[in-house]
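Residue numbers (this note's numbering): 195 to 454.
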């Protein structure tokens, strides 16, 4: 990047965070050769989580972050416009998109959530009809300057329908947990451990701060309270030493399942 004065970086949100952390550990003079102005992230829901985007932008000295979404099976599906951050517009020239209630399989109303279902319009060799993507999205519309309406996924990809877990009767998505944890700038990394005890799923969260805070800061208690306020659940949170949690260079694996 420094040698070629690269201005655009495309990667997963996790890798953008990791690269930014590595740069932050270097001498300030090393960053002066980095010319990145725009970062396009894809492959994980983090690109449309405001707290994740803010962290990426801070690490990259104010670079503009754009979310993007696609799949190997169908190709690129959505894009973010400069005037509508945190929302993804469907490429309707290439896809007939439906957002369906998973139980009734009927189209949801604007403002409601459902599963994104795609039919390809331009793929000749490998067309797909009503492909259930597994992506949880919220239906919306974006008005263009010429008066057209574009189907929009408000808030981007909210999560994966197959990643939802039921914790003591409460539906919990990994992205919802990450949104809360990323709201604490003291946290550098985190890991969620899911266990099953007596047929009941339980969660425990390990958070790694940039540096160990003094005891009076009560970081783990503040995070636990924020989680309780959001989910009405008591989720244990514990601090671990800086640098002790794994780092990822592609897609993150912060949710770990273990037998209780």
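Quick reminder that beta carbons are idealized off the backbone N, C-alpha and C, glycines included.
key: Spatial distance of residue 368 from residue 317 (CA atoms)   = Your numbering for residue 368 matches position 174 in the chain shown. Your numbering for residue 317 matches position 123 in the chain shown. Computed Cα separation, rounded: 32 Å.
message = Are the CB atoms of residue 261 and residue 274 within a distance shorter than 8 Å?
response = Within the chain shown, numbered from 1, the residue matching residue 274 stands at position 80. Within the chain shown, numbered from 1, the residue matching residue 261 stands at position 67. Yes, these two residues count as a Cβ contact at 8 Å.
inquiry  = So for residue 257, helix, strand or coil by DSSP?
reply    = The residue you call residue 257 lines up with position 63 of the chain shown. It is coil, neither helix nor strand.
message = Please list the terminal residues of the continuous alpha helix (DSSP H) segment that includes residue 369.
response = Along the chain shown, read from residue 1 onward, the residue named residue 369 stands at position 175. Start and end: 368–375.
message = Just to confirm my understanding: we take residue 380, look at its own chain, exclude 5 residues before and 5 after, and list those with CB closer than 7 Å. What are they?
response = Against the chain shown, residue 380 aligns to sequence position 186. These residues qualify, in order along the chain: 403, 404, 407 and 413.
key: Where the beta strand (DSSP E) through residue 401 begins and ends   = In the chain shown, residue 401 corresponds to position 207, counting from 1. 394–403 is the extent of the beta strand (DSSP E) around residue 401.
request  = Could you check if residue 320 is buried or exposed, using at least 16 other CB atoms within 10 Å of its CB as the buried criterion?
outcome  = Here residue 320 refers to the residue found at position 126 of the chain shown. Exposed.
message = Taking 8 Å as the threshold (C-beta atoms), are residue 230 and residue 203 in contact?
response = In the chain shown, the residue the question calls residue 203 occupies position 9. In the chain shown, the residue the question calls residue 230 occupies position 36. In terms of Cβ geometry, residue 203 and residue 230 form a close pair [threshold 8 Å].
ask   = Since residue 417 is in the alpha helix (DSSP H), which residue starts that stretch and which ends it?
value = Locating residue 417 in the chain shown gives position 223, where the first residue counts as 1. Unbroken alpha helix (DSSP H) run through residue 417: 413–425.
task = Go through its chain and collect everything with a Cβ distance to residue 291's Cβ below 6 Å, but skip five positions before and after it.
result = By one-based count along the chain shown, residue 291 stands at place 97. Taken in chain order, the residues that qualify are 284, 312 and 345.
message = On the DSSP bridge list, what partners appear for residue 329?
response = Translated into positions along the chain shown, residue 329 becomes position 135. Note: residue 329 sits in a beta bridge opposite 354.
request  = Helix, strand or coil for residue 293, going by three-state DSSP, please let me know.
outcome  = Residue mapping note: residue 293 aligns to position 99 of the chain shown, counting from 1. Residue state, collapsed to three classes: strand.
message = I'd like the list of long-range same chain contacts for residue 355, defined as Cβ closer than 7 Å, with 5 residues on each side in sequence excluded.
response = Here residue 355 corresponds to residue number 161 of the chain shown, with the count starting at 1. So the list reads 296, 309, 328 and 330, once near-sequence residues are dropped.
ask   = residue 435: which of 383, 396, 398 and 451 sits nearest, CA to CA?
value = To locate residue 435, count along the chain shown from 1; it is residue 241. Residue 435 has its Cα closest to that of 383, out of 383, 396, 398 and 451.
query = Rounded to the nearest angstrom, how far is the Cβ of residue 241 from that of residue 259, given a contact under 8 Å?
reply = Reading the chain shown from its first residue, position 47 is the one you call residue 241. Reading the chain shown from its first residue, position 65 is the one you call residue 259. Correct: roughly 7 Å between the Cβ atoms.
query = From what residue to what residue does the alpha helix (DSSP H) around residue 216 run?
reply = Counted from its first residue, the chain shown places residue 216 at position 22. Here the alpha helix (DSSP H) through residue 216 covers 207–219.
Selection from 200, 196, 324 and 212 that minimises the alpha carbon distance to residue 442 = Stepping through the chain shown from its first residue, residue 442 is reached at position 248. It is 212 whose Cα lies nearest to the Cα of residue 442.
ask   = On the premise that residue 415 lies in contact with residue 361, defined as a C-beta separation below 8 Å, what is that separation, rounded to the nearest angstrom?
value = Translated into positions along the chain shown, residue 361 becomes position 167. Translated into positions along the chain shown, residue 415 becomes position 221. About 20 Å; that fails the 8 Å criterion.
message = By alpha-carbon positions, which one of 421, 347, 287 and 238 ends up nearest to residue 448?
response = Translated into positions along the chain shown, residue 448 becomes position 254. Closest by alpha carbon: 238.
message = Let's test the definition: count the other Cβ atoms within 10 Å of the Cβ of residue 151 and tell me whether it reaches 16, buried, or not, exposed.
response = Since the first residue shown for the chain is 195 and the last is 454, residue 151 is missing from the structure and cannot be characterised.
task = In the DSSP assignment, find the unbroken beta strand (DSSP E) run with residue 391 in it and report its ends.
result = As a position in the chain shown, residue 391 is number 197, starting the count at 1. Residue 391 -> beta strand (DSSP E) spans 381–391.
task = Could you spell out the range, first to last residue, of the beta strand (DSSP E) harbouring residue 432?
result = As a working note, residue 432 is residue 238 in the chain shown. It spans 431–433 - the beta strand (DSSP E) in which residue 432 sits, taken as one unbroken run.
request  = May I ask which residues mark the beginning and end of the beta strand (DSSP E) holding residue 348?
outcome  = On the chain shown, position 154 is the one that residue 348 refers to. Its beta strand (DSSP E) spans residues 343–348.
task = Give every residue of the same chain whose Cβ lies closer than 6 Å to the Cβ of residue 247, excluding the five residues on either side of it in the sequence, and list them in chain order.
result = Indexing the chain shown from 1 puts residue 247 at position 53. Same-chain partners within the cutoff: 259.
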